[in-house]
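Line order of the protein sequences matches chains A and B.
Every number in the numbering used here is 64 more than the matching position in the first sequence, counting from 1.
Every number in the numbering used here is 64 more than the matching position in the second sequence, counting from 1.
A short write-up of the structure that comes next.
Protein chains: 2
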Amino acid sequence: MLASQRKAELVSRLQREGRLIAKEVADALAVSEDTIRRDLRELAAEGRLQRVHGGALPTSPAVAGFVDRQAMGHAGKAAIGRAAAARVRPGSLILIDGGTTALQVARHLPRELTATVVTHSPHVAMELSGHGGLEVILLGGVLFRHSMVTMGVQTLEEVRRLKVDLFFLGVTGVHPAAGLTTGHHQDAVVKAAMAEQAAETVVLASAEKIGAASPYLVLPAAAASVLITDHRGAADVLDPIADLGVEIARVTV
Amino acid sequence: MLASQRKAELVSRLQREGRLIAKEVADALAVSEDTIRRDLRELAAEGRLQRVHGGALPTSPAVAGFVDRQAMGHAGKAAIGRAAAARVRPGSLILIDGGTTALQVARHLPRELTATVVTHSPHVAMELSGHGGLEVILLGGVLFRHSMVTMGVQTLEEVRRLKVDLFFLGVTGVHPAAGLTTGHHQDAVVKAAMAEQAAETVVLASAEKIGAASPYLVLPAAAASVLITDHRGAADVLDPIADLGVEIARVTV
DNA sequence: ATCATTCAGGCACAAACGTGCAGAGTCAAT
DNA sequence: ATTGACTCTGCACGTTTGTGCCTGAATGAT
């Protein structure tokens, strides 16, 4: 493997995983830790990542608030994203929600995958611009700053014209009684409309969202096909949801 | 084997495998590494690949290509962007094209400006997410990788519903006879539709585009209201355009 | 406070590099 | 056919770069 190729791989891994551990990647790429450390040092000098003891972290880029959320709990979200991406079948039509967890799904779609991806998140769309095999369709509408997705009647109208195989839904609360919830009214409406058009809805929920409830209902919990989470607590929190017929997929960081 | 034939083979291999190792291909093509190195050096000089220690890598397309273009000639484009942004009146409804120059317009919009911005570029939309006073409307459609804008019937349909005050148009050629031109058919159609809906069309053209012509016509030069450029050559290149009734705004870096 | 891990810098070796040069081939003019 | 100019290729040379190992210092966890 070429040195510069290895460096590119490091950057790409960092973006996908949200962190790098020198020892791990040295092992994975079959070179010495010294070499990795040198690479990391040089990449840090170029400002392409931030060096920390034991490995490296991303250099926080542009959109501040959004990125902050991205940094927190990144390892778990990356694992959820990876597990979710593995469920996409070649040739299928999928819908990806906005938000940091859904963005991780986009990041983990295989480079060679051939499929059509619909999203209302410009962030997701741009992330996928590097995937040559994908057709990316962006839903229009009014840009909603907090979560960086488009919204409004235009978005709704476009969603309602679709019929997709798989919808990756991000929510801020998953509760057996309160259902799948989010913090914004309009957001809830759009998400619900998306789920309506999908054969299967895959819910992405990092650990802290399990058992939580936000003000606006997207769907009753039973409407989900699969729940992917990195929750590692007692099983009894998830059992009531499983009892509703939802497949629970637990991932580990 | 002919030298040029060998070079073509190198490029094709690189495309297939994503990387070239000098030693490997020297072996495979039964020539010395010196010869391969020389070939790679020349191909790199032509910009057909990127030379690295040990071999070569592709000049990364898609995102990288876009970023590269962003880097080049940015001083002039920034000045154009600033001058263009100054023309936006508070409370107006404006349309911003995709492309690197148009992105500079977005960058230079005053932070406190209150207005509505419509764009088909997710890049522009994200750039504007920091401007609290703006309502940002993103046009949906199929994402076109080369210029990172949405396209297709959906985009066109949405454009045709609009009536805007100002349209900032980016083109790759400005010529008194050939008109305002761009390198892609669909792109030209969308740009034309946008201009159709705008009371005024402001053309953004960095110096190298003046006097140039690309294959697809967007509009006749006379259809522009204003041309903003950092061209500093003899005035006689711009005079024929001014004679068509187009206001010429020259900026300096 | 102790101990394992991680780090930067130095060293040595191998691989890859650029350059200059010479032989082989091509081409056009004679 | 011969000549001379030119290009392409491989080889030899000394230089640069990348890598792994080592050492002593720094860091973080216990």
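For every residue, glycine included, the Cβ atom is placed at its ideal position computed from N, Cα and C.
If you're wondering where the values come from, they're calculated on a predicted model, not measured in any experiment.
Which listed residue (the options) has its alpha carbon closest to that of residue i
i	options	result
A179(B)	R102(B), T236(B), R151(B), V213(B)	R151(B)
A288(A)	A92(A), E272(A), A276(A), D307(A)	D307(A)
V169(A)	R80(A), V235(A), D294(A)	R80(A)
S156(B)	E110(B), H172(B), L230(B)	L230(B)
A241(A)	V301(A), R102(A), L107(A)	V301(A)
G197(B)	V181(B), L177(B), L203(B)	L177(B)
Y280(B)	K255(B), P304(B), A262(B)	K255(B)
R175(B)	G140(B), G111(B), A149(B)	A149(B)
L93(B)	L74(B), L173(B), R105(B)	L74(B)
R83(A)	K141(A), S278(A), Q69(A)	K141(A)
S270(A)	V282(A), R102(A), A252(A), A139(A)	A139(A)
H249(A)	V282(A), R209(A), Q261(A)	V282(A)
T164(A)	V181(A), R153(A), A143(A)	A143(A)
R209(A)	M258(A), I274(A), D251(A), R102(A)	D251(A)
Q69(A)	I312(A), R171(A), D103(A), S96(A)	D103(A)
H239(B)	V228(B), E222(B), P304(B)	P304(B)
A276(B)	L66(B), G247(B), E264(B), E260(B)	G247(B)
R105(B)	D91(B), K71(B), V95(B)	K71(B)
R112(B)	L78(B), A298(B), H195(B)	L78(B)
G309(B)	T219(B), L220(B), G297(B), T265(B)	T265(B)
G145(A)	R153(A), A166(A), P154(A)	A166(A)
V223(B)	A313(B), V181(B), M212(B)	V181(B)
V95(A)	T123(A), L244(A), Q114(A), M65(A)	M65(A)
L268(B)	E260(B), Q261(B), T245(B)	T245(B)
E311(B)	R153(B), A67(B), I292(B), G297(B)	I292(B)
V217(B)	H195(B), S193(B), H184(B)	H184(B)
Residue i - containing beta strand (DSSP E), residue span
i	result
Q114(B)	114-116
L207(B)	205-208
R314(B)	311-314
H184(A)	Segment: none, H184(A) is in no beta strand (DSSP E) and carries neither H nor E.
H244(B)	Per the sequence presented here, residue 244(B) reads as Leu, with His not at that position. Counting along the chain, the beta strand (DSSP E) containing L244(B) begins and ends at 243-246.
V228(B)	228-234
I322(A)	Residue 322(A) is absent from the structure shown; chain A starts at 65 and stops at 317.
A120(B)	119-121
Element boundaries [alpha helix (DSSP H), containing residue i]
i	result
E81(B)	67-81
V217(A)	217-223
R173(A)	Residue identity differs from the one stated: residue 173(A) is Leu in this sequence, not Arg. Element bounds for L173(A): n/a, residue is neither H nor E.
L104(B)	97-109
L157(B)	No alpha helix (DSSP H) contains L157(B), which is instead part of the beta strand (DSSP E) from 157-160.
E260(A)	249-260
Residues that residue i contacts on chain A, provided the C-beta gap is smaller than 7 Å
i	result
A189(B)	P186, L207
S193(B)	V127, L207, R209, M212
G197(B)	Chain A residues near G197(B): none, gap ~11 Å exceeds 7 Å.
Within chain A, partners of residue i - CB distance below 9 Å
i	result
I201(B)	G204, G205, V206, L207, T214, G216, Q218
L121(B)	L66, S68, Q69, A72
G116(B)	Rather than Gly, the amino acid found at residue 116(B) in this sequence is Val. Within chain A, the residues near V116(B) are L66, A67, S68, Q69.
Chain-ordered neighbours of residue i on chain A, where CB pairs are closer than 8 Å
i	result
I85(B)	L66
E222(B)	G204, Q218
Beta-ladder partner(s) of residue i, from DSSP
i	result
V290(A)	V266(A), E311(A)
L283(A)	L244(A)
H26(B)	Since the first and last residues shown for chain B are 65 and 317, residue 26(B) lies out of range.
E199(B)	T180(B)
V89(A)	Paired residue(s): none; V89(A) is not in a bridge.
L84(A)	A120(A)
V213(A)	F208(A)
I274(A)	V238(A)
heavy atom of the ligand GTP below 7 Å from residue i C-beta
i	result
F231(A)	Of the ligands one can find in the structure shown there are none, so the ligand GTP has no counterpart to examine.
Are the region 77-88 of chain A and the region 113-125 of chain A touching, with three or more C-beta to C-beta distances below 8 Å?
yes
Can you find at least 3 beta carbon pairs, one from the region 187-203 of chain A and one from the region 197-211 of chain B, that sit closer than 8 Å?
yes
Report yes or no: do the region 275-289 of chain A and the region 181-195 of chain A share at least 3 C-beta pairs separated by less than 8 Å?
Verdict: no, contact absent.
So, does the region 157-167 of chain A touch the region 232-240 of chain A, judging by three or more C-beta pairs under 8 Å?
yes
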